[in-house]
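Peer 1:
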Amino acid sequence: MLGGAGTYVWADTRLNQEIDLGALGAQVPAGEGTTYLVVGSDSREGPSEQDRKDLNTGSAEGRRTDSVILLHTGASGTAMVSLPRDSWVTLPPYVDPGTGRGYRAAPDKLNAAFSLGGPDLLVRTVERNTGVRVDHYAEIGFAGFVGVVDAVGGVDLCLGRPVRDKDSGAYLPAGCQTLDGAEALAFVRQRKQEAQGDLGRTRNQQRFLAALARKAATPSTLVDPSKSFPTLDAGLDTLIVD
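Just so we're aligned, residue -13 is where the sequence shown starts under the numbering used here, counting upward by one.
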């Protein structure tokens, strides 16, 4: 009990709790259960310049969404729904955090909400266009994603065909294999060879997330401090929550 309490306090002090959903005001009425907005961002903060080169992340500044997922848990169980980042939606009125200039509601891609107004505007946009109340927010960047996968010892995945994508750096053979952090990041980011583009990438992200969850929940990972604590530590390094 003492160890668990100590771990909780340590993790809580490490969390970047910069998002205040309460300050956004009520956009839609609260529903039953709890809904989380889970965002995988392309933030380059954390990795060194050489690491970014090795991971094929590019050098773009700022943060954009590589994945947007609504996770709902309640009496009927847990469900996760991916929202394609190129979805055409209506952005609510917002103020540019960098310039202070105000903008009216306008149509744009879902990804634009995050790049223009950060997590606050993304949450408001999702609520406006889905009618779903967002109770909590969680975001992880490139460095945290790679670190978590490496900390659990890699993730097992079976591919029906080879994956070749120059932009993401994905060069994976067909068949069952264990992906390390860099390979996993390249796999979930690639979309050029997917017949359905971002929709194909979304399905790959869902497959990988399920495989990662299975690996992280195995007793060999949970009860092994050499795996469980590095996994937690890697996630906390780039996790942003409300």
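Each residue gets a CB set at the ideal place from its N, CA and C atoms; glycine is no exception.
Report all residues from its chain with a CB closer than 7 Å to the CB of residue 186; omit the five preceding and five following residues, and keep chain order.
Peer 2: To locate residue 186, count along the sequence shown from 1; it is residue 200. So the list reads 177, 180, once near-sequence residues are dropped.
Peer 1: Per DSSP, which one or two residues make a beta bridge with residue 226?
Peer 2: Here residue 226 refers to the residue found at position 240 when the sequence shown is read from its first residue. Its beta-bridge partners are 2, 125.
Peer 1: Assign residue 230 to buried or exposed, taking buried as 16 or more other Cβ atoms, counted over all protein chains shown, within 10 Å of its Cβ.
Peer 2: The question about residue 230 has no answer, for the chain in this structure spans -13 to 228.
Peer 1: For the alpha helix (DSSP H) that residue 60 lies in, which residues bound it at each end?
Peer 2: Start at 1 with the first residue of the sequence shown, and residue 60 comes out as number 74. Residue 60 -> not in any alpha helix (DSSP H); beta strand (DSSP E) instead, spanning 51 to 60.
Peer 1: Can the beta-carbon of residue 194 be found closer than 7 Å to that of residue 209?
Peer 2: The count along the sequence shown starts at 1 and reaches residue 194 at position 208. The count along the sequence shown starts at 1 and reaches residue 209 at position 223. Against a cut-off of 7 Å, the Cβ pair of residue 209 and residue 194 comes out as no contact.
Peer 1: Indicate the three-state DSSP secondary structure (helix, strand or coil) for residue 141 in the structure shown.
Peer 2: On the sequence shown, residue 141 is found 155 positions in, with the first residue counted as 1. Strand at residue 141.
Peer 1: Between 15, 94, 125, which lies nearest to residue 3 when the distance is taken from Cα to Cα?
Peer 2: Your numbering for residue 3 matches position 17 in the sequence shown. Selected option, being the one with the closest Cα: 125.
Peer 1: Kindly list the residues whose CB is nearer than 8 Å to the CB of residue 15, restricted to its own chain and excluding five residues on each side of it in sequence; keep chain order.
Peer 2: Counted from its first residue, the sequence shown places residue 15 at position 29. Cβ neighbours of residue 15 beyond the five flanking positions: 119.
Peer 1: Looking only at DSSP bridge pairs, what is residue 151 linked to?
Peer 2: Numbered from 1 along the sequence shown, position 165 holds the residue referred to as residue 151. The partner list for residue 151 (beta bridge, DSSP) reads 156.
Peer 1: Would you call the CB atoms of residue 51 and residue 115 closer than 7 Å?
Peer 2: For the purposes of this step, residue 51 is taken as the residue at position 65 of the sequence shown. For the purposes of this step, residue 115 is taken as the residue at position 129 of the sequence shown. Cβ distance not < 7 Å, so residue 51 and residue 115 don't count as in contact.
Peer 1: Return the residue from the list 133, 79, 192 that minimises the CA-CA distance to residue 68.
Peer 2: By 1-based counting over the sequence shown, the position of residue 68 is 82. Minimum Cα distance to residue 68 is reached at 192.
Peer 1: When the cut-off is 7 Å and only beta carbons count, does residue 175 lie next to chain C?
Peer 2: Of the protein chains in the structure, only one exists, and it is not chain C.
Peer 1: What residue range does the alpha helix (DSSP H) around residue 192 cover?
Peer 2: Position 206 of the sequence shown, counted from the first residue, corresponds to residue 192. Segment 184 to 202, the alpha helix (DSSP H) holding residue 192.
Peer 1: Within the continuous beta strand (DSSP E) that includes residue 94, where are the two ends?
Peer 2: On the sequence shown, position 108 is the one that residue 94 refers to. 92 to 95 is the extent of the beta strand (DSSP E) around residue 94.
Peer 1: Return the chain-ordered list of same chain residues with a C-beta closer than 7 Å to the C-beta of residue 109, the five sequence neighbours on each side being excluded.
Peer 2: Taking the sequence shown and counting its residues from 1, the one referred to as residue 109 is at position 123. Correct list, in chain order: 7, 10, 23, 120, 123.
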